[in-house]
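Heads up: the protein sequence lines correspond to chains A and B, in order. The numbering of the first sequence is this note's numbering, which starts it at 2 and goes up by one. The numbering of the second sequence is this note's numbering, which starts it at 11 and goes up by one.
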Amino acid sequence: MQRRTTEEKIDVWILLERIKRGDREAFTELVRLHQKRIFLLAFSFFHNREDAMDIVQETFLRFYQKIHSFQKGKNFQSWILQIAKNLCIDHYRKNHSQRKEWRSDKNIEEMNLPSQDNHDSNRASDLKAIFSRCLENLAERQRMVFVLKHYNQLKYKEIAEVLNISQGTVKSLHFKAVRNLRDLVNPYLGGVQ
Amino acid sequence: MKECKKINKDLVAFLYGELQDEKQKQILSHLKECPSCQSELERLRAVQTEADSLNKDIKTVMNSVNWETLPAQITETVFGKEAQEPKESWLMSISRVLSQPKLRPVYAALMIGLFLGALVTYILVRSPLQRQAVADLVSYPPDFMEKVELEMARRETLDYLKKSQYLILDFVQTSSEAEPSTWQTEFASQKVKDLLSKKKYINQQLDKFEMAKAKEICNQIEFLFYELAQVSEEIPAWRLREIHDFIEEKQLLLKIKLLEKELKQSKKSEV
Numbered sequence: 002m003q004r005r006t007t008e009e010k011i012d013v014w015i016l017l018e019r020i021k022r023g024d025r026e027a028f029t030e031l032v033r034l035h036q037k038r039i040f041l042l043a044f045s046f047f048h049n050r051e052d053a054m055d056i057v058q059e060t061f062l063r064f065y066q067k068i069h070s071f072q073k074g075k076n077f078q079s080w081i082l083q084i085a086k087n088l089c090i091d092h093y094r095k096n097h098s099q100r101k102e103w104r105s106d107k108n109i110e111e112m113n114l115p116s117q118d119n120h121d122s123n124r125a126s127d128l129k130a131i132f133s134r135c136l137e138n139l140a141e142r143q144r145m146v147f148v149l150k151h152y153n154q155l156k157y158k159e160i161a162e163v164l165n166i167s168q169g170t171v172k173s174l175h176f177k178a179v180r181n182l183r184d185l186v187n188p189y190l191g192g193v194q
Numbered sequence: 011m012k013e014c015k016k017i018n019k020d021l022v023a024f025l026y027g028e029l030q031d032e033k034q035k036q037i038l039s040h041l042k043e044c045p046s047c048q049s050e051l052e053r054l055r056a057v058q059t060e061a062d063s064l065n066k067d068i069k070t071v072m073n074s075v076n077w078e079t080l081p082a083q084i085t086e087t088v089f090g091k092e093a094q095e096p097k098e099s100w101l102m103s104i105s106r107v108l109s110q111p112k113l114r115p116v117y118a119a120l121m122i123g124l125f126l127g128a129l130v131t132y133i134l135v136r137s138p139l140q141r142q143a144v145a146d147l148v149s150y151p152p153d154f155m156e157k158v159e160l161e162m163a164r165r166e167t168l169d170y171l172k173k174s175q176y177l178i179l180d181f182v183q184t185s186s187e188a189e190p191s192t193w194q195t196e197f198a199s200q201k202v203k204d205l206l207s208k209k210k211y212i213n214q215q216l217d218k219f220e221m222a223k224a225k226e227i228c229n230q231i232e233f234l235f236y237e238l239a240q241v242s243e244e245i246p247a248w249r250l251r252e253i254h255d256f257i258e259e260k261q262l263l264l265k266i267k268l269l270e271k272e273l274k275q276s277k278k279s280e281v
């Protein structure tokens, strides 16, 4: 496993050197290696396919513009996810007011969950929608930590690298995120009180 | 109750299996006895379950993306944009920095400063009293300018005398030779004309500083040059002799030398 990681690191460095020389094939290969991780992060953050696709493309464009600033010895995956994370936050802030307006026509509180008698699949799909809304209501950093842990399945150490904060802060943010989600989600769960 | 509070802090880590074995066992044994902490754990687990339920959606969406063609599309877009956007030169980047909107107040302040400066200068120069004050500020001692002008006149006269001396010497030497008419070249004629115009300029200086002796000699030289300028290309021998005699009679060369010496020695006193 250790050997594989080292090989991957070497590959990334070789690819980066080739990209610096304008090698398109190397760039395509690098996109192929990292596109899913970035999409996963962006989609978990926005729950919108188009937004996520835009973030993926913008991330690789930004990466190409900043390629010379990447320092040897740093974790490339953390670096590119950091770019994606910053873009997600920028994108979110830019469109935040629009989304609030859009959201205001139907608040979480106003969503009527189908009763237990209704079809189970309807209820499950609404619960997912509620959970997505609850996730969006979290503070930016809590939301990012939760997304990186649950959907990108990164370790605390890796999340700390992406967000450029300490592991302790990451753990604390994750704890707060779960507790806040508990408060937001539980009123809509019939079974658990 | 106190223990519950302590356990509650670790429940999230317990749920995610992040605690060490000993701590994990400790919480498990507490949960068996505490229904309140059990229900708290259930609530947290519900969050985890709902979060996991989204994973299915994410997988479905991820399957809808064509990951095989996407890298080529992104590459095309990125390299296409790079090719479209020409790399900015240092001149362009400087102009971009200078044209930032946040610098506008600085430019406005500079413009106001320039305008006020120009206005103040205009008022100072226009007002007669202030003009005098400005003149006083830049004025020199009263006799300074006079000394400068005297020195300039002295130098101009010395220069005139030297050039005249060379020309007269040339004339004297040439006229003593067998073929005197060869002296009257175009070059010498031009020199004579130059010295005559220079004399007109010196005249003002000589009058101003009452350089009487110098003026007398310069006038004699001027007369000589008038004669030389008027003669035609072919100088008759008798005319040549007359001019030659004039130079000797007036002892022009000697006088020039003496005057030169005098001018050089007396830098401060009037000649």
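Each residue gets a CB set at the ideal place from its N, CA and C atoms; glycine is no exception.
Once DSSP output is grouped into helix, strand and coil, what is the label at residue i?
i, result
"Arg134/A", "helix"
"Tyr152/A", "coil"
"Ala27/A", "helix"
"Gln30/B", "coil"
"Asn49/A", "coil"
"Lys69/B", "helix"
"Ser109/B", "coil"
"Leu139/A", "coil"
"Phe71/A", "coil"
"Gln78/B", "Correcting the residue type first, residue 78/B is Glu in the shown sequence and not Gln. If DSSP states are grouped into helix, strand and coil, Glu78/B belongs with coil."
"Gln83/B", "helix"
"Arg22/A", "coil"
"Ser63/B", "helix"
"Gln261/B", "coil"
"Leu101/B", "helix"
"Ile81/A", "helix"
"Met162/B", "helix"
"Leu88/A", "helix"
"Leu190/A", "coil"
"Cys47/B", "helix"
"Ile15/A", "helix"
"Ser137/B", "coil"
"Ser167/A", "coil"
"Asn181/A", "helix"
"Met221/B", "coil"
"Ser276/B", "coil"
Can you list the residues of chain A that residue i reaches, using a CB-CB cut of under 9 Å?
i, result
"Arg106/B", "What Arg106/B touches in chain A: nothing, since even the nearest Cβ is about 16 Å away."
"Leu64/B", "Ser45, His48, Lys129, Phe132, Ser133, Leu136, His151, Tyr152"
Buried or exposed: residue i, going by 16 or more other Cβ atoms within 10 Å of its Cβ?
i, result
"Thr131/B", "exposed"
"Leu268/B", "exposed"
"His35/A", "buried"
"Ser116/A", "Caution is warranted here: a pLDDT of 49 is assigned to Ser116/A, below 50, making its placement in the model unreliable, and the coordinate value is therefore given only provisionally. That one is exposed."
"Thr70/B", "exposed"
"Met162/B", "exposed"
"Val186/A", "buried"
"Tyr170/B", "buried"
"Tyr236/B", "exposed"
"Met145/A", "buried"
"Arg10/B", "Because chain B spans 11 through 281 in this model, residue 10/B falls outside it and cannot be assessed."
"Met112/A", "Since pLDDT at Met112/A reaches only 49, below the 50 mark, its modelled position is unreliable, and no value is offered."
"Asn153/A", "buried"
"Met121/B", "exposed"
"Lys271/B", "exposed"
"Leu113/B", "exposed"
"Thr167/B", "buried"
"Lys107/A", "Residue placement at Lys107/A is flagged as unreliable, the pLDDT there being 46, under the threshold of 50; the coordinate-derived value follows with that caveat. Exposed: under 16 other Cβ atoms inside 10 Å."
Using a Cβ cut-off of 8 Å, pull out every chain A residue sitting near residue i, in sequence order please.
i, result
"Ile68/B", "Leu41, Phe44, Ser45, Tyr152"
"Ala22/B", "It is worth fixing the name first, because residue 22/B is Val in this sequence and not Ala. Within 8 Å Cβ-Cβ: His175, Phe176, Val179, Arg180."
For residue i, verify whether its CB is less than 8 Å away from any heavy atom of the ligand FMN.
i, result
"Lys33/B", "With respect to the ligand FMN, the structure shown offers nothing to examine, as it has no ligands at all."
With a cut-off of 9 Å, does the C-beta of residue i fall near any C-beta of chain E?
i, result
"Leu29/B", "Note that chain E does not occur in the displayed structure, where the protein chains are A and B."
In chain B, what lies closer than 7 Å to residue i by C-beta?
i, result
"Gln58/A", "Ile84, Thr87"
"Phe61/A", "Ile84, Val88"
"Leu190/A", "Ala56"
"Arg25/A", "Thr85, Phe89"
"Arg183/A", "Arg53, Leu54, Val57"
Could you name the residues of chain B that residue i contacts, counting a contact when the two beta carbons are closer than 9 Å?
i, result
"Asn187/A", "Arg53, Ala56, Val57"
"Tyr93/A", "Neighbours of Tyr93/A on chain B: none; closest Cβ ~18 Å, over 9 Å."
Sufficient close CB pairs (3 or more, under 8 Å) joining the region 55 to 66 of chain A to the region 26 to 46 of chain A: yes
Residues from the region 27 to 46 of chain A in contact with chain B, defined by Cβ distance under 8 Å: So the close ones are Phe28, Thr29, Glu30, Val32, Arg33, Gln36, Lys37, Phe40, Leu41, Phe44, Ser45.
Validate contact between the region 178 to 193 of chain A and the region 71 to 86 of chain A using beta carbons, cut 8 Å, 3 pairs: No, because fewer than three Cβ pairs between the region 178 to 193 of chain A and the region 71 to 86 of chain A fall closer than 8 Å, the two stretches do not touch.
Residues in the region 46 to 62 of chain B having any Cβ partner in chain A nearer than 7 Å: Per Cβ criterion, the list reads Glu52, Arg53, Leu54, Ala56, Val57, Glu60, Ala61.
Under 9 Å (Cβ pairs) to chain A, residues found in the region 69 to 94 of chain B: Val71, Met72, Ser74, Val75, Trp77, Glu78, Leu80, Pro81, Ala82, Gln83, Ile84, Thr85, Glu86, Thr87, Val88, Phe89, Lys91, Glu92
The region 80 to 91 of chain A / the region 159 to 174 of chain A touching (three or more Cβ pairs under 8 Å): yes
At least 3 beta-carbon pairs within less than 8 Å: the region 17 to 29 of chain B vs the region 47 to 56 of chain B: Result yes; three or more Cβ-Cβ pairs closer than 8 Å.
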